[in-house]
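Presented below is the structure to which this report refers.
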Ligand code: HEM
Ligand code: SF4
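Numbering (this note's numbering), first residue to last: 1316 to 1878.
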């Protein structure tokens, strides 16, 4: 028998004393701006990634300096709700203590700080804690920030679904006291830590959860390990259709990795929600692959042990039987911009934030604008899974004031095209250590080109879900786009086609490792054909499949690489 060897991350988690490692000692180490050894990875479960500015890395090496280490922090905000008071605290820290100064809204309904120096990290956690925010379990091998459809129009149903997102997030959190001790000077107890749900070595790999309210699929259920589809009767939530095993990451050149849609498990009544969530997590904890991290996510566990085996195990552990899937339909994934009236008489204003990056740009002071709105806003803010922001719960009397501020600071512009609103990119360069090609920084220009192509073929009444991701990890969710670009090398991408608007089909690779110029030329030709040959309301992704340009991905574990 060949030797079975756990991945090194397993050793690290086991030896970490419930994710403490020697993080505290590292904080005192003046010789480096970074974290040493295992701590470099352990800080992820505390919500931070060590990074450096890749634009200046070579220059610093030439000066014999270590890279300018800093951390990215990702907050935990189930359902993406922030109060104006919290916003002001978040804003002040971004302004004073981060090197990029920005508040980056992410596609997982939270915000990130980029460029926090080691000396400011503890202060950062204490500042956030003072306003009721933490960053526990927003990265690393744990259940991450739980998403929830942001649609305050149907506010009662939304409120109920949101409460569940929050409960699920809290139920699945690590129970270790490490975060409190290290960052918040919490009391040190003699009793040992326990992790009854996650276990002492946590999960085999990251784990993502979402709650979705059809017909919106803004949270992209198929990008999540665990999804809850809200099923309502007479406007009241009665339970969830549950799905398991979605995930988008892959590795270039490794065909044992692939994006995968989630599998329908069935319907559960509300009373089983937490038991079910816990059972999926513990089943993945015990059955997931701890030898090879590339095959450790829930999606691969399902394929390896078989869906029926996994499902039966969950039923046993949760003490439930899945009922038939209740019918539901997804119709869109985008946000609805501008004002909408809620059923509670309040108004909600959705603002388009390009790349989710809130920063003061020359002539466009988005961050200042948000600060001014936060100073007078009585409702709350909701971050969307499309990196946008909703000023929610505005009374009729305050509408005009809020709108004026949004317009004055460039947060509300009537000129943003539908195409731009349906485009998305991951962060990538300069901060992401894994980036192979540009993403966020090139998206605006790519979208301008795409707008030009749509106009050239007289089809600018329509849009294409277009997403760019700087490497195959897929943070920009390109593997659920109609046109998805996956970074391969500077200026080069794999071009994927054939996803659909609802986010229920994975796009297939059409051209490998081509330049952005070639991509635009390919799209020019294909959009031309779509304009001439499309059927009524036929999206671009459906068209390229019907026209035989690309074969659909139906069962990605078997047909993503070969048809
Ligand atoms: C092996 C897989 C992955 C790794 C190693 C990874 C790693 C990272 C890193 C290092 C960042 C920080 C970039 C920065 O802010 O500078 C990041 C951001 C992010 N990732 Fe991932 N990621 C992976 C897969 C995914 C997938 C599949 C999704 C979603 C479906 C996702 C969602 C996000 C989001 C929402 C952000 C925040 C920034 C943004 O909105 O682009 N990640 N990821
Ligand atoms: S997709 Fe890759 S490049 Fe983009 S943020 Fe994620 S890890 Fe970084």
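We put the beta carbon where it would ideally sit given N, CA and C, even for glycine.
- Query: Among residues of its own chain, excluding the 5 on either side of residue 1855, which ones have a beta-carbon nearer than 6 Å to its beta-carbon?
  - Reply: 1779, 1797, 1845
- Item | Run of the beta strand (DSSP E) containing residue 1333, from where it starts to where it stops | Here residue 1333 belongs to no beta strand (DSSP E), and DSSP marks it neither H nor E.
- Quick one: is the Cβ of residue 1789 within less than 6 Å of any heavy atom of ligand 1? yes
- Item | Residues that residue 1531 bridges to, as DSSP identifies them | 1647
- Range covered by the alpha helix (DSSP H) that runs through residue 1761: 1758-1771
- Based on the DSSP output, what are the partners of residue 1418 in its beta bridges? 1673
- Message: When you measure from the CB of residue 1750 to every non-hydrogen atom of ligand 2, does any distance come out below 6 Å?
- Response: yes
- Item | Complete alpha helix (DSSP H) runs within the stretch 1597-1674 (minimum length 4 residues, chain order) | 1613-1620, 1622-1633
- Query: In three-state terms, what does DSSP make of residue 1558?
  - Reply: strand
- Message: Measuring only the C-alpha atoms, how far is residue 1860 from residue 1332?
- Response: 52 Å
- Run the CB neighbour count on residue 1745, radius 10 Å, all protein chains shown included, and call it buried at 16 or more, exposed below. buried
- What does DSSP give as the partner residues of residue 1542 in its beta bridges? 1525, 1558
- Item | Euclidean distance between Cα positions of residue 1617 and residue 1610 | 11 Å
- Item | Backbone CA spacing between residue 1370 and residue 1852 [nearest angstrom] | 44 Å
- Work out the CA separation of residue 1496 and residue 1443 for me, nearest whole Å. 15 Å
- Task: Mark residue 1528 as exposed unless 16 or more other C-beta atoms lie within 10 angstroms of its C-beta, in which case mark it buried.
- Result: buried
- Query: Do the CB positions of residue 1342 and residue 1385 come within less than 7 Å of each other?
  - Reply: no
- Message: To the nearest angstrom, how far is the alpha carbon of residue 1414 from that of residue 1383?
- Response: 11 Å
- Task: Kindly identify the DSSP beta-bridge partner or partners of residue 1366.
- Result: 1385
- Message: Out of 1501, 1565, 1665, 1737, which one is the CA nearest neighbour of residue 1821?
- Response: 1565
- Given 8 Å, three or more beta-carbon pairs between the stretch 1630-1637 and the stretch 1690-1699: no
- Run through DSSP, which three-state label would residue 1811 get? strand
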